[in-house]
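Asker: Going by my numbering, the sequence shown opens with residue 3, and the numbers climb by one from there. Backbone N, C-alpha and C fix where the C-beta goes; we use that ideal spot for every residue, glycine too. First the structure, then my questions, so here it is.
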Amino acid sequence: MPTIHEVAREAEVSARTVSRVMNDSANVRHDTRIRVRSIAERMEYRPDPSARAEVRTQAGDRHRRERGLK
Numbered sequence: 003m004p005t006i007h008e009v010a011r012e013a014e015v016s017a018r019t020v021s022r023v024m025n026d027s028a029n030v031r032h033d034t035r036i037r038v039r040s041i042a043e044r045m046e047y048r049p050d051p052s053a054r055a056e057v058r059t060q061a062g063d064r065h066r067r068e069r070g071l072k
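Printed below as a string of structure tokens:
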């Protein structure tokens with residue numbers, strides 16, 4: 003199973019751009035969106051739910067540290 007970084011490398015964009023495309027973010031150019039989706043489909047890329055959960059946990063931890071919470 004390819005990673006988001008492998009899709010990004012193939013599409014010549016950042017992993018963040020791949021993430022934005024896969025999450026239907028509005029701030030990606032139409033031609034970039036089509037190219038990334040096409041490559042992701044060809045590579046049979048599927049987002050990793052455990053990676054998404056890890057990112058959310060890290061973001062929550064960072065938020066609590068910034069607010070001085072435990």
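(1) Starting from the Cα of Glu12, find the closest Cα among Arg44, Arg48, Ser27, His32 and give me that residue.
(2) Use the C-beta contact count for Ile41: other C-beta atoms within 10 angstroms, 16 or more gives buried, fewer gives exposed.
(3) So, under 8 Å CB-CB, Arg48 and Met3 are touching, yes? Tell me the CB distance rounded to an integer number of Å.
(4) Do the CB positions of Arg35 and Val23 come within less than 7 Å of each other?
Answerer: With the structure as the only source:
(1) Residue mapping note: residue 12 aligns to position 10 of the sequence shown, counting from 1. Closest option to Glu12, Cα to Cα, is Arg44.
(2) Walking along the sequence shown from the start, residue 41 turns up at place 39. Buried, since its Cβ has 16 or more Cβ neighbours within 10 Å.
(3) Indexing the sequence shown from 1 puts residue 48 at position 46. Indexing the sequence shown from 1 puts residue 3 at position 1. That pair is a contact at about 7 Å.
(4) Your numbering for residue 35 matches position 33 in the sequence shown. Your numbering for residue 23 matches position 21 in the sequence shown. Taking 7 Å as the Cβ cut-off, Arg35 and Val23 qualify as a contacting pair.
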